[in-house]
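Inspection log for the structure reproduced underneath, given as structure tokens.
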Amino acid sequence: MGLAEPGGPDHTSGQATDLIPRYRSERTSRPVTDTIPITDRPIRWGIIGTGKIAHHFANGLKAVPDADLVAVGSRAQATADAFGDEFGVPRRHPTYLELVEDPDVDVVYVSTPHQDHRESTLLCLDAGKPVLCEKPFAINAGEARDMVETARGRGVFLMEAMWTRFRPTMVKVRELIAEGAIGEPRFVSANIGWKSDFDPLFRLYNPDLGGGALLDGGVYPVSFASMVLGPPSLVTGVASLGETGVDEQEAIALAHPSGAVASLGVTIQASPISIGLILGTEGRIEIHHDWHRPEGLTWTRYSGEPQTFEYPQTDGNGYQYEAIEVGRCLREGLLESPVMPLDESLTIMETMDALRKQWGVRYPMESAISS
15 MGLAEPGGPD
25 HTSGQATDLI
35 PRYRSERTSR
45 PVTDTIPITD
55 RPIRWGIIGT
65 GKIAHHFANG
75 LKAVPDADLV
85 AVGSRAQATA
95 DAFGDEFGVP
105 RRHPTYLELV
115 EDPDVDVVYV
125 STPHQDHRES
135 TLLCLDAGKP
145 VLCEKPFAIN
155 AGEARDMVET
165 ARGRGVFLME
175 AMWTRFRPTM
185 VKVRELIAEG
195 AIGEPRFVSA
205 NIGWKSDFDP
215 LFRLYNPDLG
225 GGALLDGGVY
235 PVSFASMVLG
245 PPSLVTGVAS
255 LGETGVDEQE
265 AIALAHPSGA
275 VASLGVTIQA
285 SPISIGLILG
295 TEGRIEIHHD
305 WHRPEGLTWT
315 RYSGEPQTFE
325 YPQTDGNGYQ
335 YEAIEVGRCL
345 REGLLESPVM
355 PLDESLTIME
365 TMDALRKQWG
375 VRYPMESAIS
385 S
């Protein structure tokens, strides 16, 4: 499978700053031309959806000093009111449409289930509302492409909510790689998983809800490998499918044009020790358990002693960092985040599409899986 577009790692210049792959796009970080950046007041957030992840984000938002949660949209007034009571949200809407039409909302966090991400995001974008959309970005690359093209066509900010990428530990990872602290990255290893009790109606096992280990958990290591190595040129893997037809665990291998490789594991049948590892030509980085919500790393040069960097979560729950990035982008008038660019989110979805196609995993709402 060819996934070299868009962009890719550049290992020809020898400069340390080229050791991190760039998803280059003329649109990434381009200032919005028809929107005045928000500079003189807090960013006013609205949330679509009232489930578990919406609660996590709302709690994280409390740790953002220049952000206010002003509105929530649900499919029923009762659930909007219950969420509003819990988090002190003044504006409670019984429909998503009323939320996106609320003039006091600057940006919307989409926390709906996987299969509703596209519809919810397009609703916001059509109303001119910037969007932070929960991962996975969509069910498949075709849906994600609709979202990206709409955002770009309308000149509205859009970003995938890959919260791991914005945590201080991951910021340090990118700094170390950019500085050449481990030389050229050559190998990435990461696994993620948890033991989930089987219930055919539960979202993890229900194909009607975009169930399976890959979209819910596997997106983390796939995104991690993408951050370090760029888009893969070869994607392969094996999966164990459950009785509902969704993938319950998998081993994934990615190859890159530079010759670098990634080995990734995902399961909802067991609870592994979750460690992220990056091996370079001159050193390595080990991201401590749980690497997808990291609080520290150990950097070792092959010629030196290990150095540990700790970033304990003393304030908030970790979800505040993605909100801080969105706020920064809106204040600077950016269409996309350079940390989580839309071209990269598309490539991640293409990678997961390619894996599901190999395994024969297709959801009822899909007419086809892109490759």
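Mapping of the sequence shown onto our numbering: residues 15 to 385, in sequence order.
Glycine included, every Cβ here is placed at the ideal spot set by N, Cα and C.
Fair warning: this is a prediction, and the values are worked out from it, not measured in the lab.
ask   = In three-state DSSP terms, what is Y234?
value = Residue mapping note: residue 234 aligns to position 220 of the sequence shown, counting from 1. Of the three classes helix, strand and coil, the one that applies to Y234 here is helix, per DSSP.
key: Whole-angstrom distance between I282 and T258, CA atom to CA atom   = For the purposes of this step, residue 258 is taken as the residue at position 244 of the sequence shown. For the purposes of this step, residue 282 is taken as the residue at position 268 of the sequence shown. Answer to the nearest angstrom: the Cα atoms are 14 angstroms apart.
task = Could you spell out the range, first to last residue, of the beta strand (DSSP E) harbouring P199?
result = Position 185 of the sequence shown holds residue 199. From DSSP, the beta strand (DSSP E) with P199 extends over P199 to G207.
task = Take E148 as the anchor and find which of E174, T361 and D329 has the nearest alpha-carbon.
result = What you label residue 148 is simply residue 134 of the sequence shown in a count that begins at 1. Out of E174, T361 and D329, E174 has the C-alpha closest to the C-alpha of E148.
query = Are there 16 or more other CB atoms within 10 angstroms of the CB of K186, so buried, or fewer, so exposed?
reply = Here the question's residue 186 lines up with position 172 in the sequence shown. When all chains shown are included, K186 counts as buried.
message = Just to confirm the assignment, what range does the alpha helix (DSSP H) spanning A81 have?
response = As a position in the sequence shown, residue 81 is number 67, starting the count at 1. Run containing A81: none in the alpha helix (DSSP H); it sits in the beta strand (DSSP E), A81 to G87.
ask   = If you draw a straight line from the alpha carbon of E112 to that of L190, how long is it in whole angstroms?
value = If you number the sequence shown from 1, residue 112 lands on position 98. If you number the sequence shown from 1, residue 190 lands on position 176. Their backbone Cα atoms lie some 45 angstroms apart in a straight line.
task = Using 10 angstroms around the beta-carbon of R106, count the other beta-carbons present and answer buried if the total reaches 16, otherwise exposed.
result = As a first step, residue 106 must be located in the sequence shown, where it is residue number 92. Result: buried.
key: Range of the contiguous alpha helix (DSSP H) that encloses S403   = Residue 403 is absent from the model: the chain starts at 15 and stops at 385.
query = Which first and last residues belong to the beta strand (DSSP E) in which Q263 is found?
reply = One-based indexing of the sequence shown puts residue 263 at position 249. First-last of the beta strand (DSSP E) with Q263: D261 to A269.
task = Taking A269 and S247 to be in contact with their CB atoms under 8 angstroms, please state how far apart those CB atoms are, rounded to whole angstroms.
result = Here residue 269 is taken as the residue at index 255 of the sequence shown, counted from 1. Here residue 247 is taken as the residue at index 233 of the sequence shown, counted from 1. Indeed they touch by this definition, with Cβ atoms about 6 angstroms apart.
ask   = How many angstroms separate the CA atom of G294 from the CA atom of G194?
value = Within the sequence shown, numbered from 1, the residue matching residue 294 stands at position 280. Within the sequence shown, numbered from 1, the residue matching residue 194 stands at position 180. Taking the straight line joining both Cα atoms gives about 9 angstroms.
task = Please confirm if the segment 220–229 is in contact with the segment 345–357, defined as three or more CB-CB distances below 8 angstroms between the two stretches.
result = no
ask   = With 16 as the cutoff for other CB atoms within 10 Å, does F171 come out buried or exposed?
value = Start at 1 with the first residue of the sequence shown, and residue 171 comes out as number 157. Result: buried.
inquiry  = So for G341, helix, strand or coil by DSSP?
reply    = Walking along the sequence shown from the start, residue 341 turns up at place 327. Of the three classes helix, strand and coil, the one that applies to G341 here is helix, per DSSP.
task = To the nearest angstrom, report how far apart L369 and P104 are at their CA atoms.
result = Within the sequence shown, residue 369 is the residue found at index 355, counting from 1. Within the sequence shown, residue 104 is the residue found at index 90, counting from 1. Looking at the two C-alpha atoms, the distance is approximately 43 angstroms.
For L218 and P127, the rounded distance between their alpha carbons = Your numbering for residue 127 matches position 113 in the sequence shown. Your numbering for residue 218 matches position 204 in the sequence shown. When rounded, the distance between both Cα atoms is 11 angstroms.
key: Coarse secondary structure for P148, derived from DSSP in three states   = Taking the first residue of the sequence shown as position 1, residue 148 is located at position 134. Note that residue 148 is Glu in the sequence shown, not Pro. Strand, per DSSP.
query = CB A337 to CB V78, shorter than 7 angstroms?
reply = On the sequence shown, position 323 is the one that residue 337 refers to. On the sequence shown, position 64 is the one that residue 78 refers to. A contact, by the Cβ cut-off of 7 angstroms.
ask   = Under three-state DSSP, which class holds Y335?
value = As a first step, residue 335 is located in the sequence shown; it is residue number 321 there, counting from the start. In this structure, Y335 counts as helix in the three-state DSSP scheme.
query = Per DSSP, M173 forms a beta bridge with which residues?
reply = As a position in the sequence shown, residue 173 is number 159, starting the count at 1. The partner list for M173 (beta bridge, DSSP) reads L146.
Extent of the continuous beta strand (DSSP E) to which L139 belongs = Here residue 139 refers to the residue found at position 125 of the sequence shown. It is not in any beta strand (DSSP E) - L139 instead sits in the alpha helix (DSSP H) that spans H131 to D140.
ask   = My guess is that P108 and A85 are in contact by the Cβ rule of under 8 angstroms, so how many angstroms apart are they, rounded?
value = Numbered from 1 along the sequence shown, position 94 holds the residue referred to as residue 108. Numbered from 1 along the sequence shown, position 71 holds the residue referred to as residue 85. With 8 angstroms as the limit, P108 and A85 do not qualify as a contact, their Cβ atoms being about 12 angstroms apart.
Given P433 as reference, the closest of G167, N154, G156 and V252 once Cα atoms are compared = Outside the displayed span of the chain (15 to 385) sits residue 433, for which this structure offers no information.
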